[in-house]
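Beneath this line is the structure, given in structure tokens, with notes to follow.
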Amino acid sequence: LETYVGHQVLRIKPKNEEEIKKLQHLETMGHLELDFWKNPTAPSFPADVRIPAKRVPLVKAFLESHGFEYSVLIKDLQVVLDKEKQDMAQSLQKDR
Amino acid sequence: STATFNYGTYHSLDSIYAELDHLASAFNNIVRKIQIGESYEKRPLFVLKFSTGGRKRPAIWLDAGIHSREWVTQASAMWIAKQIASEYGNDPSTTSLLNKMDIFLLPVANPDGYVFTHTTNRMWRKTRSRNKGSLCVGVDPNRNWDAGFGGPGASNNPCSDSYRGPRANSEVEVKSIVDFIRNHGNIQAFLTLHSYSQLLMYPYGYKCTQAADYDELDNLARAAAYSIRSIYDTTFKVGSICKTIYQASGSSIDWSYDYGIKYSFAFELRDTGRFGFLLPANQIIPTAEETWLGLKTIMEHVRDNPY
Numbered sequence: 001l002e003t004y005v006g007h008q009v010l011r012i013k014p015k016n017e018e019e020i021k022k023l024q025h026l027e028t029m030g031h032l033e034l035d036f037w038k039n040p041t042a043p044s045f046p047a048d049v050r051i052p053a054k055r056v057p058l059v060k061a062f063l064e065s066h067g068f069e070y071s072v073l074i075k076d077l078q079v080v081l082d083k084e085k086q087d088m089a090q091s092l093q094k095d096r
Numbered sequence: 097s098t099a100t101f102n103y104g105t106y107h108s109l110d111s112i113y114a115e116l117d118h119l120a121s122a123f124n125n126i127v128r129k130i131q132i133g134e135s136y137e138k139r140p141l142f143v144l145k146f147s148t149g150g151r152k153r154p155a156i157w158l159d160a161g162i163h164s165r166e167w168v169t170q171a172s173a174m175w176i177a178k179q180i181a182s183e184y185g186n187d188p189s190t191t192s193l194l195n196k197m198d199i200f201l202l203p204v205a206n207p208d209g210y211v212f213t214h215t216t217n218r219m220w221r222k223t224r225s226r227n228k229g230s231l232c233v234g235v236d237p238n239r240n241w242d243a244g245f246g247g248p249g250a251s252n253n254p255c256s257d258s259y260r261g262p263r264a265n266s267e268v269e270v271k272s273i274v275d276f277i278r279n280h281g282n283i284q285a286f287l288t289l290h291s292y293s294q295l296l297m298y299p300y301g302y303k304c305t306q307a308a309d310y311d312e313l314d315n316l317a318r319a320a321a322y323s324i325r326s327i328y329d330t331t332f333k334v335g336s337i338c339k340t341i342y343q344a345s346g347s348s349i350d351w352s353y354d355y356g357i358k359y360s361f362a363f364e365l366r367d368t369g370r371f372g373f374l375l376p377a378n379q380i381i382p383t384a385e386e387t388w389l390g391l392k393t394i395m396e397h398v399r400d401n402p403y
């Protein structure tokens, strides 16, 4: 099972078309291995992006240096996935 | 039996498919399970047909889970299936709808992807078909429809999550739906469930021009969004795919609309702002409840406005 330890999901709020273009450019950079859950589309419409653990500092540095407004939607994706799995198992147990 | 299926939790494909049998058995007066094809990895594609009888009646199509990681859509579809069956004979709106029209519900449009999200990679979105000449697997089945195929807003890179595939309908999951709808010949509405963004969208996505029925679709979508909001105050943004999100070619509702199905809508379900599409299970039923209200608004309009 693929694990996502340390992967973070950031919610980025682009202020203008220029910021959207920068995010779209970021999306094309394959080596960053970004997974856009919600694509950057319009100002004030947030983009959500999953970032592999090893790329988190780099991406955050990029966002901060370019003045992006962002928040952390999920701090450690694996924690949420583990909780989801645990809930499913408990529910199955209860049903039985 | 249906009494033991917990609609407020996420389930494996086997469990969902078992529940389809239970629903068909428990509500055998109006529910029938039909196989419309099989996936790339040979899993059956099952639809529930809700019908009070008669052949070739006008019908509504509803699918969920074409993007496998959007688990709340498959889960909502199951709750909605039970709701439709339970409401017949008890709720005047659903009863009059089913007395006039059939509903076809495909709860897991991408079963291979769904199984893969349970066994190997929870983040998987695409189908599981092999791509010739590439190590990367899968096609985005919502970029694979014959609607502006290959245009902007879809990738030609097999490693991309929005890879459109080698040609329109290359994915057997997509082609099975297309064939079913063509063979049926009287589908009046095409509704598809996605997550997450809280959007209710209508064509087009492959181009940014207005659909011929723009005014009616926009008004109807706004009415549906109003219904959705009425229960838990969840606000949906309404508009065409292109204006609401971005230009995206090869999507299902663009194909269905161009094929002649006027009432073509895509729902993007609930976003709590905390979990993305890893929506906690305790949100499944509220999400399904509000979605069903929106769907009902559209279905009632379809029932009352044949074309």
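As given, the protein sequences belong to chains A and B, one line each in that order. Our numbering puts the first residue of the first sequence at 1, with every later residue one more than the last. Our numbering puts the first residue of the second sequence at 97, with every later residue one more than the last. Using N, Cα and C, we set each Cβ at its ideal position, and we do this for glycine too.
For Asp-87 (chain A), list the residues DSSP reports as bridge partners. Here residue 87 (chain A) refers to the residue found at position 87 of the first sequence. Looking at the DSSP assignment, Asp-87 (chain A) forms no beta bridge with any residue, so it has no partner.
Inspect the beta-carbon positions of Pro-14 (chain A) and Ala-47 (chain A) and report whether they are closer than 8 Å. Against the first sequence, residue 14 (chain A) aligns to sequence position 14. Against the first sequence, residue 47 (chain A) aligns to sequence position 47. Yes; because the gap between Cβ atoms is below 8 Å, this pair is in contact.
Counted within 10 angstroms of its Cβ, other Cβ atoms place Gly-229 (chain B) as buried (16 or more) or exposed: Mapped onto the second sequence, residue 229 (chain B) falls at position 133. Answer is exposed; the Cβ neighbour count stays below 16.
Taking only beta-carbon positions, decide if Ile-51 (chain A) is within less than 8 Å of chain B. Here the question's residue 51 (chain A) lines up with position 51 in the first sequence. With a threshold of 8 Å between beta carbons, Ile-51 (chain A) makes no contact with chain B.
For Lys-339 (chain B), does the three-state DSSP call read helix, strand or coil? Here residue 339 (chain B) refers to the residue found at position 243 of the second sequence. Here Lys-339 (chain B) sits in helix by DSSP.
Run through DSSP, which three-state label would Gly-261 (chain B) get? Position 165 of the second sequence, counted from the first residue, corresponds to residue 261 (chain B). Here Gly-261 (chain B) sits in coil by DSSP.
Contact under 8 Å by Cβ, Ile-324 (chain B) with Leu-295 (chain B): As a first step, residue 324 (chain B) must be located in the second sequence, where it is residue number 228. As a first step, residue 295 (chain B) must be located in the second sequence, where it is residue number 199. Contact: no.
Would DSSP call Trp-157 (chain B) helix, strand or coil? On the second sequence, position 61 is the one that residue 157 (chain B) refers to. Per DSSP, reduced to three states, the secondary structure at Trp-157 (chain B) is strand.
Collapsed DSSP secondary structure at Ala-243 (chain B) in the structure displayed: Here residue 243 (chain B) corresponds to residue number 147 of the second sequence, with the count starting at 1. The answer is coil: DSSP assigns Ala-243 (chain B) none of H, G, I, E or B.
List the residues of chain A whose Cβ lies closer than 8 Å to the Cβ of Met-219 (chain B), in chain order. Counting from one through the second sequence, the residue named residue 219 (chain B) turns up at place 123. Here the neighbours are Glu-2, Tyr-4, Asp-35, Arg-50.
Any C-beta of chain B under 8 Å from that of Val-56 (chain A): Within the first sequence, residue 56 (chain A) is the residue found at index 56, counting from 1. Residue-level contact by beta carbon fails for Val-56 (chain A) and chain B, as no gap is shorter than 8 Å.
Residues of the stretch 148 to 165 of chain B in Cβ contact with chain A at a cutoff of 7 Å, in chain order, please. Flagged: no residues at all.
Going straight from the alpha carbon of Ala-384 (chain B) to that of Gly-185 (chain B), what length do you get? Counting from 1 along the second sequence, the entry for residue 384 (chain B) is found at position 288. Counting from 1 along the second sequence, the entry for residue 185 (chain B) is found at position 89. In this structure, the CA atom of Ala-384 (chain B) is about 21 Å from the CA atom of Gly-185 (chain B).
Just reading off the beta strand (DSSP E) that Thr-288 (chain B) is part of, what are its end residues? Taking the second sequence and counting its residues from 1, the one referred to as residue 288 (chain B) is at position 192. 283 to 291 is the span of the beta strand (DSSP E), which, as asked, contains Thr-288 (chain B).
Would Gly-229 (chain B) pass as an interface residue toward chain A - the criterion being a Cβ-Cβ separation below 8 Å? Reading the second sequence from its first residue, position 133 is the one you call residue 229 (chain B). No - not a single Cβ of chain A is within 8 Å of the one on Gly-229 (chain B).
For Ser-71 (chain A), the three-state DSSP class (helix, strand or coil): Taking the first sequence and counting its residues from 1, the one referred to as residue 71 (chain A) is at position 71. Ser-71 (chain A) falls in the strand class under three-state DSSP.
With 8 Å as the threshold, decide whether the Cβ of Asn-39 (chain A) is near any Cβ in chain B. To locate residue 39 (chain A), count along the first sequence from 1; it is residue 39. So yes, Asn-39 (chain A) belongs to the interface.
Can you grab the Cα-Cα spacing for the pair Leu-10 (chain A) / Ser-225 (chain B), in whole Å? Sequence index remark: in the first sequence, residue 10 (chain A) carries index 10 (1-based). Sequence index remark: in the second sequence, residue 225 (chain B) carries index 129 (1-based). Put simply, the backbone Cα of Leu-10 (chain A) is about 30 Å away from that of Ser-225 (chain B).
Expressed to the nearest angstrom, what Euclidean distance is found between the alpha-carbon atoms of Pro-140 (chain B) and Trp-241 (chain B)? The residue labelled residue 140 (chain B) in the question sits at position 44 within the second sequence. The residue labelled residue 241 (chain B) in the question sits at position 145 within the second sequence. If I take the Cα positions, the gap works out to 20 Å.
Rounded straight-line distance, which links the Cα of Val-5 (chain A) to that of Leu-313 (chain B): In the second sequence, the residue the question calls residue 313 (chain B) occupies position 217. In the first sequence, the residue the question calls residue 5 (chain A) occupies position 5. Straight-line spacing of the CA atoms in Leu-313 (chain B) and Val-5 (chain A) works out to 43 Å.
Is it true that the CB of Met-197 (chain B) sits closer than 8 Å to the CB of Ile-156 (chain B)? Indexing the second sequence from 1 puts residue 156 (chain B) at position 60. Indexing the second sequence from 1 puts residue 197 (chain B) at position 101. Yes, they are a contact pair.
For the stretch 327 to 349 of chain B, which residues have a CB atom closer than 7 Å to at least one CB atom of chain A, in sequence order? Taking 7 Å as the cut-off between beta carbons, the residues of the stretch 327 to 349 of chain B near chain A are Ile-341, Tyr-342, in sequence order.
As assigned by DSSP and simplified to three states, the class of Ile-126 (chain B): In the second sequence, residue 126 (chain B) corresponds to position 30, counting from 1. Ile-126 (chain B) falls in the coil class under three-state DSSP.
From His-280 (chain B) to Asn-206 (chain B), what does the alpha carbon distance come to, in whole angstroms? By 1-based counting over the second sequence, the position of residue 280 (chain B) is 184. By 1-based counting over the second sequence, the position of residue 206 (chain B) is 110. Rounded to whole angstroms, His-280 (chain B) to Asn-206 (chain B) spans 21 Å at the Cα level.
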